[in-house]
Every structure is written in C-alpha cells, then in structure tokens.
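So the structure is just underneath, and the comments pick up after that.
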Ligand SMILES: C[S@@+](CC[C@H](N)C(=O)[O-])C[C@H]1O[C@@H](n2cnc3c(N)ncnc32)[C@H](O)[C@@H]1O
C-alpha cells in the first residue's frame with residue numbers, strides 16, 4: 058500500500074504502553090466520553106443486540122498489518138477482529154451489520170482526496186439509522202502558547218512531510234462537509250481541546266501528545282529526507298525541549 062502513514066515505529070513494549078496512556082490519559086480526559094450520549098443511549102435496540110465497529114483500531118501493532126492482530130483467545134468474547142483497508146470496499150459479510158462505526162485518528166493514513174473515499178466505504182457497514190462517530194485531530198488544532206522555536210520546528214517538519222505525500226495539511230477541518238457530501242444525514246461536529254483542563258491534566262495531555270509527536274517525526278524521517286530536521290537525535294533534542 059502506498060501509504061503516507063508514519064506511526065510505524067511499533068510495536069514494542071514502550072510503544073504499546075504509550076498507546077494505552079494516550080487513550081486513557083490524553084484522549085479520554087479531552088473527549089470525556091467514548092460516544093456522544095444520544096448515540097450511546099440509542100444503542101439498545103428491541104430486535105438485535107447492538108453492534109459497534111471500531112475501525113483503524115489497535116494499540117499493539119501500529120502498522121497496518123493483520124499479522125500483528127491480538128489472538129482471538131486474548132479478546133473478550135464479544136470482540137472480534139477483521140482485516141480491512143478503509144480505502145477499499147469492505148467484504149460482503151460485514152456490510153449493513155453495525156449500529157455505530159467509530160473511527161479515531163486516521164489523519165496520518167489519509168491523503169487529501171481519501172477522506173471522502175473512506176467515509177463512503179464506511180457507510181456500507183452501517184445498518185439503516187446507524188451512526189458514524191469519527192474523531193480526528195490536525196495541525197490547525199495542535200499548538201502551544203507561546204509557540205516556541207522547537208515546537209515550530211516539529212510542526213513545520215511534519216507539515217512539510219504531510220504536504221509532500223499529498224495529505225491535507227488543514228485536515229480534519231473539512232471532515233464534516235466531506236461526510237455530508239458522502240451521503241450521510243443528521244451530521245454534527247464537536248470540537249474538543251485540552252486548554253480548559255485543570256493544569257495537571259493539561260500538562261499530561263501535552264506531554265503525551267509530544268510522545269506521539271516524537272514517533273511521528275521519526276517515522277517521517279524513516280520514509281523521506283527533511284530539509285528542516287535531519288536526524289532522530291535532532292528530533293529527540295527538539296521534542297525534549299517542547300514543554
Ligand atoms: C494513529 S492510529 C489510531 C489507533 C486507534 N484508532 C486509536 O485511536 O488509538 C491509526 C490506525 O489507523 C490504521 N490505519 C492506517 N491506514 C489504514 C487503512 N487504510 N485502513 C485501515 N486502517 C488503517 C493504523 O494501522 C493504525 O492502527
């Protein structure tokens with residue numbers, strides 16, 4: 058797959074722990090919920106048990122590689138894993154099976170023209186009346202105040218790579234309209250941020266984001282040369298100084 062994806066430096070024990078920490082101590086304090094309450098509340102259906110698909114899931118193998126799936130016996134018995142490329146139509150047996158599709162943090166894997174393509178492929182998995190919940194982040198929302206020299210270097214090096222591989226450097230700001238244009242109705246947008254959190258949580262979320270930022274920029278250097286940051290040591294030097 059010709060993928061722009063750069064979080065490809067796992068898995069190892071440290072990377073797995075980083076991802077767990079990121080879910081519990083960065084994303085959940087900011088988002089505060091796994092699903093919007095009206096969607097969660099609507100999951101109890103009279104005629105079938107609720108079915109939820111988490112696409113682009115994974116806290117272990119961070120590459121797109123089904124051989125790194127957790128073994129079935131290690132999973133709760135109401136969870137199953139299926140291989141699937143969000144940029145290809147899903148197999149027949151998975152179509153129209155799900156009440157909720159959840160997707161989180163696909164930005165690193167999508168080129169500019171692939172957001173709508175992914176939304177269209179996802180639609181075929183939904184039952185009538187089902188919901189797509191897509192959470193993502195992007196450069197327009199990643200900042201520090203005041204912006205430091207090191208933060209600007211990280212950001213500009215990542216944006217340089219994103220642009221070179223055809224990613225949308227303003228994503229996910231067009232996601233709502235891309236979803237609407239893909240035929241979804243009753244669409245809503247919520248914006249979360251960490252600036253309103255108590256200081257200790259705000260610092261933790263910033264630190265955890267920079268742990269990801271380190272891996273992202275190193276993954277970028279593994280794939281291409283940068284005119285802004287040249288080596289893994291330089292990435293470490295920059296990220297260590299971002300507070
Ligand atoms: C940044 S991780 C997010 C993982 C998880 N959703 C979370 O929020 O912690 C991005 C995930 O997208 C997956 N991914 C990237 N490109 C994909 C594609 N074309 N189809 C399906 N999954 C993909 C990667 O394998 C990885 O697991």
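Numbering (this note's numbering), first residue to last: 58 to 300. Quick reminder that beta carbons are idealized off the backbone N, C-alpha and C, glycines included.
In this structure, residue 160 sits away from residue 188, with a CB-CB distance that is not shorter than 8 Å. Between residue 158 and residue 110, the C-beta spacing is below 8 Å. Secondary structure note for residue 279: its alpha helix (DSSP H) is the uninterrupted segment 256 to 280. For residue 71, the CB stays at least 7 Å from every heavy atom of ligand 1. Excluding residues up to 5 positions away in sequence, 144 lie with their Cβ nearer than 7 Å to the Cβ of residue 174 in the same chain. Inclusion of residue 163 in the 7 Å shell around ligand 1 follows from its C-beta lying nearer than that to a non-hydrogen atom of the ligand. Apart from sequence neighbours up to five positions away, the residues of its chain that approach residue 141 with a beta-carbon distance below 8 Å are 112, 147, 148 and 151, ordered along the chain. Distance from the CA atom of residue 242 to the CA atom of residue 195, rounded to whole angstroms, is 24 Å. Spanning the alpha carbons of residue 245 and residue 296 requires a straight line of approximately 35 Å. Membership of residue 104 in any alpha helix (DSSP H) is not indicated, and neither H nor E is assigned to it by DSSP. Less than 8 Å divides the Cβ of residue 64 from the Cβ of residue 273.
At least one heavy atom of ligand 1 lies closer than 7 Å to the C-beta of residue 64.
Between ligand 1 and the CB of residue 179, the shortest heavy atom gap is not smaller than 7 Å. With a cutoff of 8 Å on beta-carbon distance, residue 60 and residue 166 are scored as near each other.
Judged by DSSP in its simplified three-state form, residue 196 adopts helix. Just so you know, the alpha carbons of residue 279 and residue 271 end up roughly 12 Å apart. Your pair residue 217 and residue 283 checks out as a contact, with CB atoms roughly 6 Å apart and the cut at 8 Å. Secondary structure at residue 183: strand, using DSSP grouped into helix, strand and coil.
In the displayed model, residue 189 falls within a strand according to three-state DSSP.
For residue 161, the pairing in a beta bridge is given by DSSP as 192.
If you ignore the 5 residues before and after residue 236, its C-beta comes within less than 6 Å of the C-beta of 176 and 244, all in its own chain and listed in chain order. Boundaries of the alpha helix (DSSP H) around residue 297: 289 to 298. Our two residues, residue 182 and residue 80, have alpha carbons roughly 25 Å apart in a direct line. Between residue 156 and residue 108, the gap from beta carbon to beta carbon is short of 8 Å.
Of the heavy atoms belonging to ligand 1, at least one sits nearer than 7 Å to the Cβ of residue 144.
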